[in-house]
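Student: Sharing a structure, written as structure tokens. Questions coming.
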Amino acid sequence: MGAVVAIDALLHPQQVWRGRPAMPPAGTQPTGHAGLDAVLPAGGWPEAALSELLIPADGVGELQLLWPALARLSRAGERVVLVAPPYLPFAPAWQQAGVDLRQLQVVHTGTPRDALWATEQCLRSGSCGAVLCWPLGVDDRALRRLQVAAASGRTLAFATRPLAAAIHPSPAALRIAIDAAPAQWRVLKCRGGAAPVQPIPRGA
Amino acid sequence: MRWACILLPQLALDGVLRRCADPDAPRVLVGGSAQRRMLYAVNPSARALGLRRGMALTAAQALAHGFATAAYRPEDEARWHRFLAGWAYGYSSQVSLQFPHALLLEIQGSLGLFGPWPRFEARLREELTALGFRHRIVAAPNPVAARVLANGHDGLAIEGDAPLRRALGQLPIQRAGFTPEVATAFARMGLRTLRQVWALPRDGVARRFPAEVLRHLDALLDERDMALESYRPPDRCELRIELGHEVESSQALLFPLKRLTADLAAFLAGRDGGVQRFVLQLEHGHDARTKVPVGLLTPERDAALLFELARGRLEQVQLPAPVGAIALCADELPPFVPVHRELFDQRPQQAMPWEQLRERLRARLGEDAVHGVQARADHRPECASLSPPEVPVRHEASSPGTAPGARPGWLLAKPVPLRGPMPRLVAGPERIESGWWDGDDVRRDYYLARLASGQDAWVFRPVGGGGFMLHGWFA
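Chain order of the listed sequences is Y and D. Once you know that position 95 of the first sequence is 95 in my numbering, the rest is easy, because the numbers rise by one and skip nothing. Heads up, my numbering is the position in the second sequence plus 204, with the first residue counted as 1.
Here is the structure:
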């Protein structure tokens with residue numbers, strides 16, 4: 001190889017803990033919510049990694065959290081894949097949110113096992129910009145596989161899981177719990193920095 | 205140097221060997237009448253046992269044991285001959301099957317694309333070896349000379365008249381392409397090589413021998429043009445492998461399947477076509493068949509991809525009975541358009557194009573597992589969001605149709621009754637009344653409701669009474 005690697009490239013992923021906290025680099029995958037971007041160490045969604053959204057019930061704002069990033073990716077020509085979504089994505093609403101529907105693909109699977117397989121294939125292929133999945137009854141190993149697949153395919157991966165899973169450890173680079181009342185986000189874990197203690201009010 | 209001859213000395217045997225998992229085991233082809241079975245061809249390890257071509261089967265069995273036999277079928281041989289012609293058609297527009305066991309290729313026109321002859325020849329050899337056929341290749345200024353020289357040479361390339369004359373002149377008379385009777389007659393006259401035959405006076409040869417002899421002598425030196433029949437590739441591809449024993453698990457079918465898809469890919473490359481739909485037929489005997497259709501969204505011709513897709517479909521098949529033969533049949537062979545790729549790709553490693561990924565997902569999850577999302581200007585929620593199964597529909601990035609109110613991101617496939625206590629209605633009602641013309645009419649009042657759990661629901665009440673129905677989530 002003998003390729004010259006810039007030291008910044010090694011330090012930016014923040015996989016090595018350094019004594020002094022460095023200034024967070026400008027995020028390449030902003031979430032589109034200023035309040036959230038400000039507290040996340042990557043300045044947005046962690047790149048090429050798995051992010052976990054923990055929700056108490058369906059329909060508490062998980063799409064509003066994701067839509068700005070998905071809209072940005074789809075307009076940049078990146079493909080957004082939903083693997084086994086729990087409901088039908090309603091085209092007018094997604095369009096209103098700014099998502100380019102031509103880049104949106106839905107994969108239907110029979111069993112949860114197939115859904116995991118399809119998610120991993122999509123992540124590993126490197127031909128998708130973001131992959132959303134709703135894993136059911138998965139363990140730590142399955143999530144780790146998704147995390148490795150996201151890293152090798154350099155793709156954003158989002159797993160939406162019930163809030164009850166928050167007590168279990170997870171290999172995801174970022175874990176955000178969504179609260180319905182009061183409407184807020186809580187960052188439970190973020191790689192590369194300490195998780196902010198204060199919840200972030202939604203819409204900030 | 206205009207013609208190349210590819211001589212296939214063991215066409216029938218190679219056709220049998222290439223479907224065996226272990227081609228190095230001793231194996232012979234047996235032909236002839238039922239009373240007197242003869243060895244038609246032997247492979248090298250069988251030759252090491254002392255078996256020779258033309259030996260009676262009984263003599264061979266007395267001499268050695270432990271060799272496998274297969275029946276020689278002329279129709280199989282002809283099929284392989286045509287198959288190789290289809291492969292060679294990828295390298296030359298003029299391919300002839302005129303001579304048995306040999307392919308003749310016009311190469312002058314192909315040299316510009318496939319490089320100088322040594323490189324071209326190496327490429328031909330490499331692909332023939334990969335396909336599993338033994339071969340000898342000779343290039344010469346005319347087709348008959350190329351065919352005759354291939355009898356005694358391999359790797360010879362001749363250009364110009366004088367070298368051709370020299371090379372042909374040294375050829376023994378038995379290998380010069382005459383019928384056996386003519387060759388024997390020449391030998392009895394004391395002639396050993398072609399040069400000695402040329403030295404004979406023409407009128408003497410014309411008087412003593414049939415007219416074909418002089419014609420052949422002239423054709424060798426290009427003094428008489430010879431009309432060759434050109435090969436024309438068929439419009440459909442049919443391949444079949446007999447397994448020789450009954451197979452009960454689909455795993456054991458993977459090896460022959462790999463051969464089939466590789467052959468299909470070679471055929472498609474020769475035709476510069478792709479395949480969009482093909483059928484695998486598993487034959488169970490007694491004319492019972494299982495058909496496994498394999499469909500693709502775009503034409504493809506990559507051997508590994510075709511194998512993987514066919515394998516995905518095949519692994520899901522329950523075999524009702526043991527399989528005796530497997531066949532592949534492709535009727536539609538549309539032109540192949542390679543996918544446009546960026547020179548500098550953003551994503552580095554093992555990037556798989558979306559089309560390939562989509563086929564892989566469909567192969568395992570089902571034909572209509574992957575679809576896009578499309579908006580349609582219809583007020584009824586059920587009709588406003590379509591899932592077109594065929595992705596290539598190029599719809600415009602249209603502005604959202606008439607969407608007066610807020611719409612939820614998730615829609616339930618079927619509205620369900622809303623349970624629990626009476627929700628707090630945040631917005632609404634929004635009357636949606638439409639569809640009386642297609643018999644699917646809808647008269648509903650939609651509300652945005654905040655449930656006790658904090659969820660925002662899209663609920664409706666049919667006009668004229670009825671309970672709240674849940675139809676979507678504002679996620």
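All C-beta atoms, glycine included, are put in the ideal place defined by N, C-alpha and C.
1. Give the range of the alpha helix (DSSP H) segment to which G373 (chain D) is assigned.
2. Cutting at 8 angstroms between CB atoms, please list the residues of its own chain near P169 (chain Y), excluding the five before and the five after it.
3. In whole angstroms, give me the CA-to-CA distance for R327 (chain D) and A6 (chain Y).
4. Output needed in chain order: residues of the region 33-64 of chain Y with a Cβ under 8 angstroms from some Cβ in chain D.
5. Distance check for E571 (chain D) and G676 (chain D), CA to CA, integer angstroms please.
6. Report the three-state DSSP secondary structure of G474 (chain D) (helix, strand or coil).
7. List, in chain order, every chain Y residue whose beta-carbon is nearer than 7 angstroms to that of D660 (chain D).
8. H449 (chain D): buried (16+ other C-beta within 10 angstroms of its C-beta) or exposed?
9. In angstroms with no decimal places, state the Cα-to-Cα distance between V630 (chain D) and F678 (chain D).
10. Out of curiosity, what's the CA-to-CA distance linking L418 (chain D) and Q400 (chain D)?
11. For a contact meaning CB atoms closer than 8 angstroms, what does F90 (chain Y) contact in chain D?
12. Mind checking if L501 (chain D) is an interface residue toward chain Y, Cβ cutoff 7 angstroms exclusive?
13. For chain D, is any of its Cβ atoms less than 7 angstroms away from the one on A204 (chain Y)?
14. I think L375 (chain D) touches V409 (chain D), with their Cβ atoms under 8 angstroms apart; what is that distance to the nearest whole Å?
15. Taking the continuous beta strand (DSSP E) assigned at W185 (chain Y), which residues delimit it?
16. State the Cα-Cα distance for the pair G336 (chain D) and F287 (chain D), rounded to the nearest angstrom.
17. Check this for me: beta carbons of F672 (chain D) and L622 (chain D), under 7 angstroms apart or not?
18. Since L221 (chain D) is in the alpha helix (DSSP H), which residue starts that stretch and which ends it?
19. Thinking C-beta only, is Q184 (chain Y) closer than 7 angstroms to A171 (chain Y)?
20. When burial is assigned at 16 or more other CB atoms within 10 Å of the CB, is T31 (chain Y) buried or exposed?
21. Could you give the C-beta distance for T109 (chain Y) and A573 (chain D), rounded to a whole number, given that I count them as a contact under 8 angstroms?
22. Using 7 angstroms as the limit for Cβ to Cβ distance, is A181 (chain Y) near chain D?
23. Are at least three pairs of beta-carbons, each pair with one atom in the region 582-590 of chain D and one in the region 57-73 of chain Y, less than 8 angstroms apart?
24. Can the beta-carbon of P680 (chain D) be found closer than 7 angstroms to that of A653 (chain D)?
25. Give a yes or no on contact between the region 69-83 of chain Y and the region 130-138 of chain Y, applying the rule of three or more CB pairs nearer than 8 angstroms.
26. How long is the line joining the alpha carbons of R241 (chain D) and G258 (chain D), rounded to whole angstroms?
27. Let me see if you follow: with CB-CB separation under 7 angstroms, is A118 (chain Y) close to chain D or not?
28. I want to see whether chain Y comes within less than 7 angstroms of L212 (chain D), judged by CB atoms only; does it?
29. With DSSP as the reference, please indicate the residues paired to H575 (chain D) in a beta bridge.
30. Count the CB pairs spanning the region 346-362 of chain D and the region 206-214 of chain D that are closer than 8 angstroms, and state whether there are at least three.
31. So for Q553 (chain D), helix, strand or coil by DSSP?
32. With a 10 Å radius around its C-beta and 16 neighbouring C-beta atoms as the bar for buried, classify I176 (chain Y) as buried or exposed.
33. With a threshold of 6 angstroms on Cβ separation, who are the neighbours of T502 (chain D) within its own chain once the five nearest residues in sequence on each side are excluded?
34. Determine, for L215 (chain D), whether the minimum Cβ-Cβ distance to residues of chain Y falls below 7 angstroms.
35. Decide yes or no for the touch test of the region 161-168 of chain Y against the region 43-61 of chain Y: beta carbon pairs closer than 8 angstroms, at least 3 of them.
36. Can you tell me which of the three DSSP states L537 (chain D) falls into?
Tutor: On the basis of the data shown:
1. D365 to G373
2. Excluding sequence neighbours, P169 (chain Y) sits near D140.
3. 43 angstroms
4. Answer in chain order: P56, A57, D58, G59, V60, G61, E62, L63 and Q64.
5. If you take the alpha carbons of G676 (chain D) and E571 (chain D), they lie about 27 angstroms apart.
6. helix
7. G59
8. exposed
9. Linking V630 (chain D) to F678 (chain D) through their CA atoms gives a straight-line distance of about 12 angstroms.
10. Cα to Cα, L418 (chain D) sits roughly 14 angstroms from Q400 (chain D).
11. P585, A588, S589, R611, P612, G613, W614, L615 and G676
12. no
13. Reliability fails at A204 (chain Y), whose pLDDT of 49 lies under 50, so the model's placement of it is uncertain and the value that follows must be treated cautiously. With 7 angstroms as the cut-off, A204 (chain Y) does not count as an interface residue toward chain D.
14. Going by Cβ atoms, the distance from L375 (chain D) to V409 (chain D) rounds to 17 angstroms, so no, they are not a contact pair.
15. It spans Q184 to C190 - the beta strand (DSSP E) in which W185 (chain Y) sits, taken as one unbroken run.
16. 13 angstroms
17. Yes. Within cutoff.
18. Segment L215 to L221, the alpha helix (DSSP H) holding L221 (chain D).
19. The displayed chain sequence assigns Pro, not Ala, to residue 171 (chain Y). Cβ distance not < 7 angstroms, so P171 (chain Y) and Q184 (chain Y) don't count as in contact.
20. buried
21. 7 angstroms
22. yes
23. No, because fewer than three Cβ pairs between the region 582-590 of chain D and the region 57-73 of chain Y fall closer than 8 angstroms, the two stretches do not touch.
24. Not covered by the structure: residue 680 (chain D). The range shown for chain D is 205 to 679.
25. Here the region 69-83 of chain Y makes contact with the region 130-138 of chain Y; the two share three or more CB pairs at distances below 8 angstroms.
26. So the two alpha carbons sit approximately 9 angstroms from each other.
27. Chain D contact via Cβ: present.
28. no
29. Y:V106.
30. yes
31. Note that Q553 (chain D) has pLDDT 47, beneath the 50 cutoff, so the model's placement of it is unreliable and no number is given.
32. buried
33. E559
34. Taking Cβ atoms only, chain Y never reaches closer than 7 angstroms to L215 (chain D), which makes this a no.
35. Below 8 angstroms, enough C-beta pairs join the region 161-168 of chain Y and the region 43-61 of chain Y to call them touching: three or more.
36. DSSP places L537 (chain D) in coil when its eight states are reduced to three.
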